[in-house]
Amino acid sequence: MSDYKGRCHCGAIGFRFRTALVPAEWAIRACQCSFCRAHDALSASDPHGELCFIAEGKELLRRYRFGLRTADFLLCSACGVYIGALIDTSSGQFGIINTHALQPQQTDLAPPSPIQYDSEDATARVDRRIERWTPVTASP
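Residue numbers (my numbering): 365 to 504.
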């Protein structure tokens, strides 16, 4: 397994993404919701990997919920950068990263696939995230 680190612009919040996949094998998703388009987010996850979110101070981590309100989208309250999302379920926590927050930037990522999730209800959305997102080992 390899570790990939990411952070917001000011460095106050970040993540460690551990995966056996090389970046060219990551399934890069370009969600077409208004939030992800506004942040130009490209998401990645590995259901067989590990994800740890880090915050220097919890007061700098902003959790934002919208739509079906099934996940927390993690933003820095100081610089405004979106680093990833986190869902709490009875099966544990799962998350995704915003690949634009990777440090250093990965230049060999696969092209993103535009994805629409508008037809999902809350149950289907949670089930998909449990199946496809990365298990979270720590979160602030």
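All residues carry an ideal CB built from backbone N, CA and C; glycine is no exception.
In this text, all values refer to a predicted model and were calculated from it rather than measured experimentally.
query                                                                                                                                     : result
Would you call the stretch 455-474 in contact with the stretch 383-394, where contact means no fewer than 3 C-beta pairs closer than 8 Å? : yes
Taking the Cβ atom as the reference point for each residue, do HIS403 and TYR368 lie within a distance shorter than 8 Å?                  : no
Residues in its own chain within less than 7 Å of LEU450 by CB, not counting five upstream and five downstream?                           : PHE417, ALA435, ASP436, LEU438, GLN457, GLY459, VAL500, SER503
Does DSSP put GLU495 in a helix, in a strand, or in coil?                                                                                 : helix
Under a three-way DSSP split, which group does ARG401 fall into?                                                                          : helix
For the beta strand (DSSP E) that contains GLU389, what are its first and last residues?                                                  : GLU389 -> no beta strand (DSSP E), and no H or E assigned at all.
Below 8 Å on the Cβ atoms is my guess for THR383 versus SER366; work out the distance and round it to an integer in Å.                    : 7 Å
Please identify the residue among ALA488, GLN480, ARG426 whose C-alpha is closest to the C-alpha of ALA442.                               : ARG426
With burial defined as no fewer than 16 other Cβ atoms inside 10 Å of the residue's Cβ, what is the status of PHE430: buried or exposed?  : exposed
May I have the straight-line CA-CA distance separating GLY375 from GLU423, to the nearest angstrom?                                       : 14 Å
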